[in-house]
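Peer 1: Protein chains in written order, with the numbering used here: chain A, 1 to 310; chain B, 311 to 620; chain C, 621 to 930; chain D, 931 to 1240. Backbone N, C-alpha and C fix where the C-beta goes; we use that ideal spot for every residue, glycine too.
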């Protein structure tokens, strides 16, 4: 399925695999890609907020993207190109598009305040990366301190034909998704794909409000793909049953600061990564936290046999 | 149980009842107090962040506190006195202590940055309210943008004997609670009560890390009191079973902006409030949101007969 | 001259006089008022950012305003009523209007982000204080972290007939003043008074861009009044000559944190205050800073005999 | 004079020259370097906040630095390497050191809050760039929202032997400079060079408080060099006379947003740049602003014949 205004399903925010000594672990990129695809991913997002992007230099970023693209064999890979300026954004965007990426994702700099500043920023970003590069806009006020109203999103979508996807992780997101879909239905806004984030914490209801899928990196992407599928198939109760079984762990993984360590630990335990290592600087799991995750994993396995670890 | 460094259990962040026309609903204060006490509250916190404090003028604040204190008949009531300056903080603190409050709670102004600024602020606040007024410190970076390390909290506790309680709702809170208890065990820090917030989203593990209880306002305070009790009694699995059943709703209620509307709607449906009205400015539940809450309530009642609404 | 959409000249941000022991010094209120009027003030602003407002409780605030109003004998006094909620804002606004204030001034809370949030806030504030209370809007992003475009200001002015004055201390302010006056000239915006702040640092050019005057508290209000008058009279070079002579000191006084101490020290040396005392918490002048101010005062007196201290 | 803990004088924040079509203007780099050296610069800072660094990609950054280094023929060039992560910081630092830079400058990311976070950040940054790369720390809370106490600076200087310079542009800076020098005199802190910023707005007094010089880009660097020299020579009155003559323009140039346009316009009028062009996105001078600058230049020339433009 292409990366365009009708994209749906699950775009996994891909973890970046490292060896314990800090080198990129490219073999694990293959393993992880296979894992994500087997979980039902319809796309991958590389170098996202939870992808340790700022810890990679430009050459490593390109190498990483190439490897994901090669292994994903046709499943679209989009790449976070958020940067402190338009020149490095353009460089990275061109480099990853050359490497086979299907598009890019752009978050706003935290200095933006007024509606017009935000709209102008995205026009400049689109110009910087080129009209031919489709992009997703990341709307994540908790992380970026930039608040975009539905009307501002409408203006950005209207001004920039290459904006094909909105990643909505405003908090709360539900009314915003409804508002955006109402704008579409009223003919005031072009259709875009809407995927959601926030670690999947509201994906159950977000799908019902009109989202096309999720873009997040919870260590059980299979669960996310299943919830997306079940809601799409109208199996509401079953979707919630499955989701609720995962919620205690999903919530735990969503903790700021420590969340990535939780995620990589589970991915390693599930065999998707050779090592849970993060590149420095990073926060490690304490023994207590590790035991808490183990406890949650055990409880989850008891409720959901498919979540049993080997 | 007194409001002191050994306080434990559940301090409910009390909602503030209004009539649909915006007047204070003092009869509902009685009803709500009875409800909270029947749920197992060991204390009440009035005029907290979710208590619509900024919408009350000084006279109303005092009237409200008086009514809660009278009805709580001995259960300690503490009052949020966070203010833009020390003069209004002092006025409000004196007024509510005269009205029978057991103590106050103080959050930091968002302008504080350095460790020393934070420590100095609390010394000045303690001087403003008077040495004889016990207080809880609210550590809630997500809301206040002030980050306090365990060491800064240690300094504040050490400098201010009247600081008897820490409300820890840092995110994540788990390692912080562990760190604070380690400081105590190492003899480097006086004992304080530690209660937790964040809508109860981590209360299951926070109790195991050393918290004495919870201070939050989830519309099923009975669940919070039960989890606190079960963990205290060593019944870990049972505590998590009970907690997990509520987590889908609890998570929904914790959404910024809309959370208070969810909470008041449920409290009204549970008979604890005559009206779900908030004083303006406020955000109302959309029909879609209301239906989502109803769905979550129905699912909860199916899992937990005690959560069935009349 | 009334406080309305045609107000002009100099509104002095009044200092709040204290005795060294922290009590309000009401005698100095009289002395200070006389001083300001003799300097050419056309209005006074009490309880502004530099008026130590948060250090006064409600009763003191009213007492202070009453005293200024009585002594100003007809010169309009407006009062800062910025508050953490609309209830205390309403209380204070009513109390000071009863005490004879001509109007109030309202700054935005730092939590506002989107254009609509800002516009909505001022509609709610106007409703809270009452349609009959004329108000000035304070546009000061450096202090409040809220950025208002000319278009947002236009919407607020249009929505709220009682908004009669804009205090523009955006940074930079010059293009903004021009933009607002263009909106007026194009018939898109009702006429309002525009006064400027930022300690007067750009008053020379702000007047030429269309401001009606200044609202700030530099310890030589006579200089500000003179510059306003000279620019109005078309005496550009003379205005700049006068202004430039003061700029080294004016700049020194505008330092954040320490600025109020500089201002009160000079006011005390000029005989306008019995004491330079601030109420705690406050930052005192170091010996080095005091010597620097003395040096600047001496240099100023050498250039401008009227600035000579007794 | 080397870039080390005894560096003094004037480090000019170099403008980045562009052609009107947005290409780097390398010929103007030579011209500008000659101009800065003729003005008395003892060092250059390339890719600073006012150097349009985020508009250059990695290759351009290196090319620019090389050209400045070659032309400066021995005068030390330091380079801003502030980056969103340690990997791009390391890449840029190595690249510019290979190109002949004498050292780098590092500003803190705006997410840092606690004292420990700041100290840890600089330890990680030093490790990232390598122990052998001397660096300046930029302390500029107004721009970066990070507040560093003298004690935090002392810890950073102590932990990182390669930190040889503090660029202090806190606001106010005067007491901070005094506090840092007192720490040195008390033997609690290693000697570092202290240069000051803020567009030079307080350089007159900062020198007297113990600064070694200025690091800023005011379009009359000759004035800054002269003030630094005169204060060093004990000619206080003369230094202030010279400084005060420039203050009206210097203040005008320091306006956020528009400041760089003012600076480049003057540099172009002084013959130091072929074009005043900024690379997009940029803010242009309005006709009114241009006229104001011309007026200030004319007034300056009348007071100071050396400031006369050709």
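(1) Can you tell me whether residue 138 of chain A is buried or exposed, with buried defined as 16 or more other CB within 10 angstroms of its CB?
(2) Tell me which residues of the segment 674-701 of chain C have at least one Cβ-Cβ distance to chain B shorter than 9 Å, keeping chain order.
(3) DSSP beta-bridge partners for residue 1009 of chain D?
(4) Mark residue 860 of chain C as exposed unless 16 or more other C-beta atoms lie within 10 angstroms of its C-beta, in which case mark it buried.
(5) Which of helix, strand or coil does DSSP assign to residue 89 of chain A?
(6) Kindly indicate the opening and closing residues of the beta strand (DSSP E) around residue 1003 of chain D.
(7) Which value, in whole angstroms, describes the spacing of the CA atoms of residue 1184 of chain D and residue 1195 of chain D?
(8) Could you tell me if residue 486 of chain B is buried or exposed, where buried requires 16 or more neighbouring beta carbons within 10 angstroms of its beta carbon?
(9) Would you report the Cα separation of residue 152 of chain A and residue 186 of chain A, rounded to the nearest angstrom?
(10) With distance defined between alpha-carbon atoms, name the residue in D/1023, D/1072, D/1154 and D/1120 nearest to residue 111 of chain A.
(11) Which of the residues in the segment 279-294 of chain A, read from start to end, lie with their CB under 9 Å from any CB of chain D?
(12) For the 8 Å Cβ check, are there 3 or more pairs between the segment 375-392 of chain B and the segment 719-727 of chain C?
(13) So, helix, strand or coil for residue 40 of chain A, using DSSP?
(14) Which first and last residues belong to the beta strand (DSSP E) in which residue 9 of chain A is found?
(15) Decide if the segment 767-786 of chain C is in contact with the segment 738-758 of chain C; the criterion is three or more beta carbon pairs, one per stretch, under 8 Å apart.
(16) For the beta strand (DSSP E) containing residue 333 of chain A, name the first residue and the last one.
(17) Do you know how far the Cα of residue 766 of chain C is from the Cα of residue 978 of chain D?
(18) Answer with buried or exposed for residue 305 of chain A, where buried requires no fewer than 16 other C-beta atoms within 10 angstroms of its C-beta.
(19) Where does residue 621 of chain C land, buried or exposed, given buried means 16+ other C-beta within 10 angstroms?
(20) For residue 758 of chain C, name the three-state secondary structure that DSSP assigns.
(21) How close, in whole Å, do the beta carbons of residue 491 of chain B and residue 467 of chain B come, if the pair is a contact with beta carbons under 8 Å?
(22) Mind checking residue 779 of chain C: buried by the 16 CB within 10 Å criterion, or exposed?
(23) Measure the C-alpha to C-alpha separation of residue 119 of chain A and residue 79 of chain A and round it to an integer number of angstroms.
(24) Based on Cα-Cα distance, which residue from A/16, A/5, A/6 and A/4 lies nearest to residue 280 of chain A?
(25) Where does residue 809 of chain C fall in DSSP's three states?
(26) How many Å lie between residue 479 of chain B and residue 363 of chain B at the Cα?
(27) Run through DSSP, which three-state label would residue 1050 of chain D get?
(28) For residue 646 of chain C, collect the residues of the same chain with a Cβ closer than 6 Å to its Cβ; drop the 5 residues on either side in sequence, then sort them by chain order.
(29) Can you tell me whether residue 474 of chain B is helix, strand or coil according to DSSP?
(30) May I have the straight-line CA-CA distance separating residue 653 of chain C from residue 1165 of chain D, to the nearest angstrom?
(31) So what does residue 328 of chain B bridge to, in DSSP terms?
(32) Name the chain B residues that come within less than 9 Å of residue 710 of chain C, Cβ to Cβ?
(33) Output, in sequence order along the chain, the residues in the segment 1176-1201 of chain D whose CB is closer than 9 Å to any CB in chain A.
(34) Just checking my contact of residue 735 of chain C with residue 222 of chain A at CB under 8 Å: how many whole Å lie between their CB atoms?
(35) Between the segment 97-128 of chain A and chain C, which residues of the former have CB atoms less than 7 Å from a CB of the latter, in chain order?
(36) Check whether the Cβ of residue 899 of chain D lies closer than 8 Å to any Cβ atom in chain A.
Peer 2: To lay it out plainly:
(1) Within the first chain, the letter at position 138 stands for residue 138 of chain A. With 16 or more other Cβ atoms within 10 Å, it is buried.
(2) 674, 675, 676, 677, 678, 679, 680 and 681
(3) Working through the fourth chain from its first residue, we reach residue 1009 of chain D at position 79. Residue 1009 of chain D is bridged to D/976 and D/1034.
(4) The sequence position of residue 860 of chain C within the third chain is 240, counting from 1. By the neighbour-count rule (16 or more Cβ atoms within 10 Å), residue 860 of chain C is buried.
(5) Stepping through the first chain from its first residue, residue 89 of chain A is reached at position 89. Three-state DSSP puts residue 89 of chain A in a helix.
(6) The residue given as residue 1003 of chain D occupies position 73 in the fourth chain. Run containing residue 1003 of chain D: none; DSSP gives neither H nor E here.
(7) Reading the fourth chain from its first residue, position 254 is the one you call residue 1184 of chain D. Reading the fourth chain from its first residue, position 265 is the one you call residue 1195 of chain D. Cα to Cα, residue 1184 of chain D sits roughly 13 Å from residue 1195 of chain D.
(8) As a working mapping, residue 486 of chain B is identified with position 176 in the second chain. Residue 486 of chain B should be labelled buried.
(9) Taking the first chain and counting its residues from 1, one reaches residue 152 of chain A at position 152. Taking the first chain and counting its residues from 1, one reaches residue 186 of chain A at position 186. Cα to Cα, residue 152 of chain A sits roughly 16 Å from residue 186 of chain A.
(10) Taking the first residue of the first chain as position 1, residue 111 of chain A is located at position 111. Nearest of D/1023, D/1072, D/1154 and D/1120 to residue 111 of chain A, Cα basis: D/1072.
(11) 279, 280 and 281
(12) no
(13) Walking along the first chain from the start, residue 40 of chain A turns up at place 40. It is coil, neither helix nor strand.
(14) Translated into the one-based positions of the first chain, residue 9 of chain A becomes position 9. Segment 9-13, the beta strand (DSSP E) holding residue 9 of chain A.
(15) yes
(16) Because chain A spans 1 through 310 in this model, residue 333 of chain A falls outside it and cannot be assessed.
(17) What you label residue 978 of chain D is simply residue 48 of the fourth chain in a count that begins at 1. What you label residue 766 of chain C is simply residue 146 of the third chain in a count that begins at 1. So the two alpha carbons sit approximately 26 Å from each other.
(18) The count along the first chain starts at 1 and reaches residue 305 of chain A at position 305. By the neighbour-count rule (16 or more Cβ atoms within 10 Å), residue 305 of chain A is not buried but exposed.
(19) Numbered from 1 along the third chain, position 1 holds the residue referred to as residue 621 of chain C. By the 10 Å Cβ count, residue 621 of chain C comes out exposed.
(20) Taking the first residue of the third chain as 1, we reach residue 758 of chain C at position 138. DSSP places residue 758 of chain C in strand when its eight states are reduced to three.
(21) Position 181 of the second chain, counted from the first residue, corresponds to residue 491 of chain B. Position 157 of the second chain, counted from the first residue, corresponds to residue 467 of chain B. About 13 Å; that fails the 8 Å criterion.
(22) Start at 1 with the first residue of the third chain, and residue 779 of chain C comes out as number 159. Result: exposed.
(23) Looking up residue 119 of chain A in the first chain gives position 119. Looking up residue 79 of chain A in the first chain gives position 79. When rounded, the distance between both Cα atoms is 21 Å.
(24) Within the first chain, numbered from 1, the residue matching residue 280 of chain A stands at position 280. Nearest option by C-alpha distance: A/16.
(25) As a position in the third chain, residue 809 of chain C is number 189, starting the count at 1. Of the three classes helix, strand and coil, the one that applies to residue 809 of chain C here is coil, per DSSP.
(26) Reading the second chain from its first residue, position 169 is the one you call residue 479 of chain B. Reading the second chain from its first residue, position 53 is the one you call residue 363 of chain B. If you take the alpha carbons of residue 479 of chain B and residue 363 of chain B, they lie about 19 Å apart.
(27) Here residue 1050 of chain D corresponds to residue number 120 of the fourth chain, with the count starting at 1. In the structure shown, residue 1050 of chain D sits in a helix (DSSP, three-state: H, G or I).
(28) Start at 1 with the first residue of the third chain, and residue 646 of chain C comes out as number 26. 687.
(29) Locating residue 474 of chain B in the second chain gives position 164, where the first residue counts as 1. Correct three-state label for residue 474 of chain B: strand.
(30) For this step, residue 653 of chain C is matched to residue 33 along the third chain. For this step, residue 1165 of chain D is matched to residue 235 along the fourth chain. Looking at the two C-alpha atoms, the distance is approximately 41 Å.
(31) What you label residue 328 of chain B is simply residue 18 of the second chain in a count that begins at 1. Paired residues: B/334.
(32) By one-based count along the third chain, residue 710 of chain C stands at place 90. The answer, in chain order, is 367.
(33) none
(34) In the third chain, residue 735 of chain C corresponds to position 115, counting from 1. In the first chain, residue 222 of chain A corresponds to position 222, counting from 1. At roughly 42 Å, the Cβ-Cβ gap does not stay under 8 Å, so residue 735 of chain C and residue 222 of chain A are not in contact.
(35) 113, 114, 115 and 116
(36) The structure shown does not extend to residue 899 of chain D, since chain D is modelled only from 931 to 1240, so the question has no answer here.
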